[in-house]
Amino acid sequence: MKKFSLSARLVGHLLVGQLLVYLVVWMVNIPLSLTGVRADLDMIENDFAENRVRDEVSASLRRGPDGLAYIDPIPSLRERARKNPHLKFAVFDLNHISPLPGSSPDLVELIEKMGEIKPFSMNFQLESEKAPDLRGALTKQDTPVGRLLIVTYGYKFQWDDPLYYFRDNVRDNFLYFIPVAAAAAAIAWFAARRGLAPLRDAAAHAAQIDMDSIDQRIPLKGIPTETLPLVEAINAALARLDAGAARQRRFAANAAHELRTPVAILRTRIDALADSSQKTDLKRDVRRIQNIVEQLLVAARLGEHGGPADERIDVAKTIRAMVADYAPLVIENNRTIEFECDAPSVFVKGNRRSLECVVANLIDNALRAEPVGGAVHVRVTPEVTISVLDHGEGVPEHAREMIFEPFWRASEASSGTGLGLAIVKELVDLHKGQIRVESTPGGGATFKIILPPA
Amino acid sequence: MMRILVVEDEAEMASLIMDRLQRSGFDADHVATIGDAQRAIDTGAYSLALLDRRLPDGDGVALIPHIKRSHPGVRVMMLTALDTVPDKVAGLDAGADDYLTKPFDIDEFLARIRANLRRSGDGAGSVPPVTVGALSFDLTAREVFVSGRPVVLHRRELALLESLVRRVGRATPRDTLIDEVYGGEGEIQSNALDALVSRLRKHLNECEAGVMIHPIRGIGYMLAKATA
Numbered sequence: 001m002k003k004f005s006l007s008a009r010l011v012g013h014l015l016v017g018q019l020l021v022y023l024v025v026w027m028v029n030i031p032l033s034l035t036g037v038r039a040d041l042d043m044i045e046n047d048f049a050e051n052r053v054r055d056e057v058s059a060s061l062r063r064g065p066d067g068l069a070y071i072d073p074i075p076s077l078r079e080r081a082r083k084n085p086h087l088k089f090a091v092f093d094l095n096h097i098s099p100l101p102g103s104s105p106d107l108v109e110l111i112e113k114m115g116e117i118k119p120f121s122m123n124f125q126l127e128s129e130k131a132p133d134l135r136g137a138l139t140k141q142d143t144p145v146g147r148l149l150i151v152t153y154g155y156k157f158q159w160d161d162p163l164y165y166f167r168d169n170v171r172d173n174f175l176y177f178i179p180v181a182a183a184a185a186a187i188a189w190f191a192a193r194r195g196l197a198p199l200r201d202a203a204a205h206a207a208q209i210d211m212d213s214i215d216q217r218i219p220l221k222g223i224p225t226e227t228l229p230l231v232e233a234i235n236a237a238l239a240r241l242d243a244g245a246a247r248q249r250r251f252a253a254n255a256a257h258e259l260r261t262p263v264a265i266l267r268t269r270i271d272a273l274a275d276s277s278q279k280t281d282l283k284r285d286v287r288r289i290q291n292i293v294e295q296l297l298v299a300a301r302l303g304e305h306g307g308p309a310d311e312r313i314d315v316a317k318t319i320r321a322m323v324a325d326y327a328p329l330v331i332e333n334n335r336t337i338e339f340e341c342d343a344p345s346v347f348v349k350g351n352r353r354s355l356e357c358v359v360a361n362l363i364d365n366a367l368r369a370e371p372v373g374g375a376v377h378v379r380v381t382p383e384v385t386i387s388v389l390d391h392g393e394g395v396p397e398h399a400r401e402m403i404f405e406p407f408w409r410a411s412e413a414s415s416g417t418g419l420g421l422a423i424v425k426e427l428v429d430l431h432k433g434q435i436r437v438e439s440t441p442g443g444g445a446t447f448k449i450i451l452p453p454a
Numbered sequence: 455m456m457r458i459l460v461v462e463d464e465a466e467m468a469s470l471i472m473d474r475l476q477r478s479g480f481d482a483d484h485v486a487t488i489g490d491a492q493r494a495i496d497t498g499a500y501s502l503a504l505l506d507r508r509l510p511d512g513d514g515v516a517l518i519p520h521i522k523r524s525h526p527g528v529r530v531m532m533l534t535a536l537d538t539v540p541d542k543v544a545g546l547d548a549g550a551d552d553y554l555t556k557p558f559d560i561d562e563f564l565a566r567i568r569a570n571l572r573r574s575g576d577g578a579g580s581v582p583p584v585t586v587g588a589l590s591f592d593l594t595a596r597e598v599f600v601s602g603r604p605v606v607l608h609r610r611e612l613a614l615l616e617s618l619v620r621r622v623g624r625a626t627p628r629d630t631l632i633d634e635v636y637g638g639e640g641e642i643q644s645n646a647l648d649a650l651v652s653r654l655r656k657h658l659n660e661c662e663a664g665v666m667i668h669p670i671r672g673i674g675y676m677l678a679k680a681t682a
């Protein structure tokens with residue numbers, strides 16, 4: 001997606017717009033001037049030629065070896081004079097006293113005749129020439145040899161003269177135009193930044209919203225009305241997602257709850273079977289199903305309430321009871337289970353049911369990995385760590401991060417949906433804890449949970 | 455013999471529970487609704503009621519005040535899939551004596567039934583003996599039989615075996631065993647229990663009781679049927 005800055009775009013549009021307005025105003029002025037609608041802009045076509053001729057006169061000024069300036073017409077001026085016998089030009093120093101050598105004697109005489117009047121800018125016609133469409137002008141100008149008065153007369157319109165006229169106009173006007181345009185641009189930039197600030201706040205707020213805080217909404221306070229529909233639409237989308245998530249959680253909770261009765265029936269039915277190795281396997285399997293159902297229920301309920309309850313839990317006691325609870329199943333499976341905890345009590349804050357689910361899941365996995373005759377170790381330390389060790393094949397280094405991803409499986413052939421460890425991680429995260437898998441010394445996997453102590 | 459009333463609307467679950475109770479030597483009847491349960495209780499024949507909560511004609515909890523008012527000696531054990539703390543509190547507040555959630559462990563289920571029957575008001579009735587392998591333990595008379603022949607055990611061995619038998623198929627915590635075997639005897643040596651377990655184990659092996667006492671490190675011991 002191509003990115004663009006609204007502020008930059010606004011400023012760009014503003015500058016281009018101002019330039020266009022300037023051009024339009026300038027072009028509208030031409031007919032106004034030529035038709036004489038505006039008294040102060042008395043112009044005829046030939047007036048457009050003055051700028052160019054004056055420039056050529058200026059370009060023709062030289063300074064001699066004696067330090068005195070004189071006019072040495074450049075070829076284009078010479079050519080112009082040859083074609084137009086009416087063309088005259090003269091250059092005076094600012095006191096009008098001394099015309100520069102090369103000035104038209106006629107013009108020098110005329111200016112000198114003005115006596116008391118010392119013009120520094122004027123347009124004129126010459127009665128003596130009997131040519132009403134020819135005009136003259138006196139203009140103060142900075143030339144290569146200093147600031148002088150240039151007088152020209154009899155210039156005639158050529159098609160490209162307006163370009164020179166325009167160039168000079170632009171040069172003069174831009175002195176005003178540039179600061180005005182810059183000020184407008186700065187104001188536009190500032191206004192856009194200021195106007196968008198509430199949107200940036202809204203974005204920062206939206207960035208904070210995740211599945212655990214999906215009940216939150218972006219505050220509408222300070223949002224400009226132009227962008228209000230966007231923010232309202234986002235809020236409406238959040239509300240729909242929130243409702244959808246709640247529906248999904250309710251569905252998961254209901255489904256898990258409904259599964260309990262069939263699992264109970266299955267478990268009781270298996271218990272009633274005659275003893276066999278198959279019965280032992282079935283008991284282990286149904287226990288696993290039960291754990292997954294419980295996990296789903298716990299995860300759904302936690303999601304509903306936004307986080308784990310702030311219960312003070314003695315994990316030593318809770319996990320000791322769980323190990324005791326698992327012992328019959330483990331022994332029937334011809335393995336043993338051992339519990340180690342030096343402290344009488346180890347407290348954490350959280351939700352007991354979800355921690356039980358976490359540990360049950362890890363014990364299930366360890367029991368499946370543990371070879372026959374081996375012992376699954378469950379260890380609690382006061383720091384607070386909870387470790388479940390088995391002596392199976394272990395988890396290869398490269399898979400140690402991935403096993404906590406939903407639906408990850410060691411291979412297509414391996415059993416399990418891979419949902420278990422993902423829920424485990426989610427529940428551990430909700431308790432602000434960490435979970436990782438390490439190698440058991442001598443081979444196997446050690447799942448280690450670190451929880452903040454209460 | 456004490457009778458148990460099973461109030462459960464799920465036919466399959468009910469038949470499994472009934473089957474299990476009867477195989478364990480209990481007398482039990484089954485009803486599926488609160489109305490039927492009320493009429494059955496009023497016959498006065500029961501010592502324990504197992505109550506489901508979600509029944510076709512209401513919440514099983516509603517039945518508890520009726521039972522406790524008319525037959526205060528009857529113990530009530532909730533047996534339900536509703537497992538949240540508020541659910542349990544509601545059940546216990548209404549007067550239930552025990553609350554077991556589905557799915558449950560069958561050994562725990564039977565142990566809780568025995569415990570409830572033992573505490574029931576008319577304690578005169580008898581609880582069927584617990585059998586494990588060839589061993590049979592009569593909890594009422596505190597007598598031990600192996601394959602029908604009486605076995606004489608030392609006082610402490612008998613206390614230990616009783617403690618283990620009450621929780622057959624489940625791990626019994628070390629502290630509980632010490633409490634029940636040496637209760638009130640003050641300080642005991644740290645390995646006294648383990649030595650006692652060894653002696654009991656030897657004794658049971660000698661008379662071919664067909665049971666095992668599994669040590670569970672960090673927890674305690676567990677009595678189970680010996681595997682072939």
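Top line first, the protein sequences correspond to chains L and E.
My numbering puts the first residue of the first sequence at 1, with every later residue one more than the last.
My numbering puts the first residue of the second sequence at 455, with every later residue one more than the last.
Here a beta-carbon is modelled for each residue, glycine too, at the ideal position from N, C-alpha and C.
- Message: Can you tell me where the alpha helix (DSSP H) holding histidine 377 (chain L) begins and where it ends?
- Response: Segment 375-381 is the beta strand (DSSP E) holding histidine 377 (chain L); no alpha helix (DSSP H) there.
- Is the beta carbon of valine 231 (chain L) sitting closer than 8 angstroms to the one on alanine 202 (chain L)? yes
- Message: Distance check for proline 132 (chain L) and alanine 69 (chain L), CA to CA, integer angstroms please.
- Response: 33 angstroms
- Message: Tell me the DSSP secondary structure of histidine 257 (chain L) in three-state form.
- Response: helix
- Item | Short CB-CB distance (under 8 angstroms) between lysine 656 (chain E) and chain L | no
- Query: According to DSSP, is serine 387 (chain L) helix, strand or coil?
  - Reply: strand
- DSSP three-state call for aspartate 281 (chain L): helix, strand or coil? helix
- Compute the Euclidean distance between the alpha carbons of valine 11 (chain L) and glycine 222 (chain L), then round it to the nearest angstrom. 23 angstroms
- Item | chain E contacts from the region 273-298 of chain L (Cβ-Cβ distance under 7 angstroms) | Gln290
- Say whether chain L places a C-beta atom closer than 8 angstroms to the C-beta of phenylalanine 480 (chain E). no
- Message: Measuring straight from C-alpha to C-alpha, what distance separates alanine 486 (chain E) and leucine 259 (chain L)?
- Response: 20 angstroms
- Item | Nearest-angstrom beta carbon gap, arginine 529 (chain E) and serine 501 (chain E) [assumed within contact, 8 angstroms] | 7 angstroms
- Item | Range covered by the alpha helix (DSSP H) that runs through glutamine 434 (chain L) | Taken as a continuous stretch (DSSP letters only), glutamine 434 (chain L) belongs to no alpha helix (DSSP H), being part of the beta strand (DSSP E) at 434-439.
- Message: Which residue marks the beginning of the beta strand (DSSP E) containing threonine 534 (chain E), and which one marks its end?
- Response: 529-534
- Using the DSSP secondary-structure output, state which residues sit across from valine 586 (chain E) in a beta bridge. E:Leu589
- Query: What first and last residue would you give for the beta strand (DSSP E) that runs through lysine 140 (chain L)?
  - Reply: 136-143
- Query: Are any of the Cβ atoms in chain L nearer than 8 angstroms to that of alanine 578 (chain E)?
  - Reply: For alanine 578 (chain E), the pLDDT reaches just 49, beneath the cut-off of 50, and the residue's location in the model is therefore unreliable, although a value from the coordinates is still provided. It does not: the Cβ of alanine 578 (chain E) has no partner Cβ on chain L nearer than 8 angstroms.
- Give, in chain order, every residue of the region 257-273 of chain L whose Cβ lies closer than 7 angstroms to some Cβ of chain E. His257, Arg260, Thr261, Val263, Ala264, Ile265, Arg267, Thr268, Arg269, Asp271 and Ala272
- Output, in chain order, the set of chain E residues within a Cβ distance shorter than 9 angstroms of arginine 320 (chain L). Pro627, Gly672 and Ile673
- Euclidean distance between Cα positions of isoleucine 518 (chain E) and aspartate 561 (chain E): 25 angstroms
- Message: Contact criterion: CB-CB distance below 8 angstroms. Does methionine 467 (chain E) meet it with respect to chain L?
- Response: yes
- Task: Counting only runs of 3+ residues fully inside the region 57-86 of chain L, write out the beta strand (DSSP E) ranges in chain order.
- Result: 61-63 and 69-71
- Would leucine 470 (chain E) count as contacting chain L if we go by Cβ distances under 8 angstroms? yes
- Query: Nearest to arginine 624 (chain E) by alpha carbon, out of E:Leu546, E:Asp559, E:Phe480 and E:Arg493?
  - Reply: E:Asp559
- Message: Quick check: the Cα distance between valine 380 (chain L) and serine 387 (chain L), rounded to an integer number of angstroms?
- Response: 6 angstroms
- Message: I need the DSSP call for methionine 676 (chain E), collapsed to helix, strand or coil.
- Response: strand
- Message: Could you tell me the alpha carbon to alpha carbon distance between alanine 239 (chain L) and isoleucine 209 (chain L), rounded to whole angstroms?
- Response: 12 angstroms
- Message: List, from N- to C-terminal side, the beta strand (DSSP E) runs of 3 residues or more that fit wholly inside the region 609-652 of chain E.
- Response: 625-627
- Message: Can you look up glutamate 397 (chain L) in the DSSP assignment and give me helix, strand or coil?
- Response: helix
- Message: Applying the 10 Å Cβ sphere with the 16-neighbour rule, what's the burial state of glutamate 370 (chain L)?
- Response: buried
- Message: Would threonine 318 (chain L) and glutamate 294 (chain L) qualify as a contact pair, given that the criterion is a beta-carbon distance under 8 angstroms?
- Response: no
- Query: So, glutamine 18 (chain L) versus alanine 237 (chain L), is the Cβ gap smaller than 8 angstroms?
  - Reply: no
- Task: With 7 angstroms as the C-beta to C-beta threshold (strictly closer), list the residues of the region 415-445 of chain L near chain E in chain order.
- Result: none
- Do the region 282-300 of chain L and the region 251-258 of chain L touch if we need at least three Cβ pairs shorter than 8 angstroms? yes
- If alanine 206 (chain L) and isoleucine 218 (chain L) are in contact, beta carbons under 8 angstroms, what's the gap, nearest whole angstrom? 6 angstroms
- Query: alpha helix (DSSP H) containing threonine 318 (chain L): first to last residue?
  - Reply: 315-332
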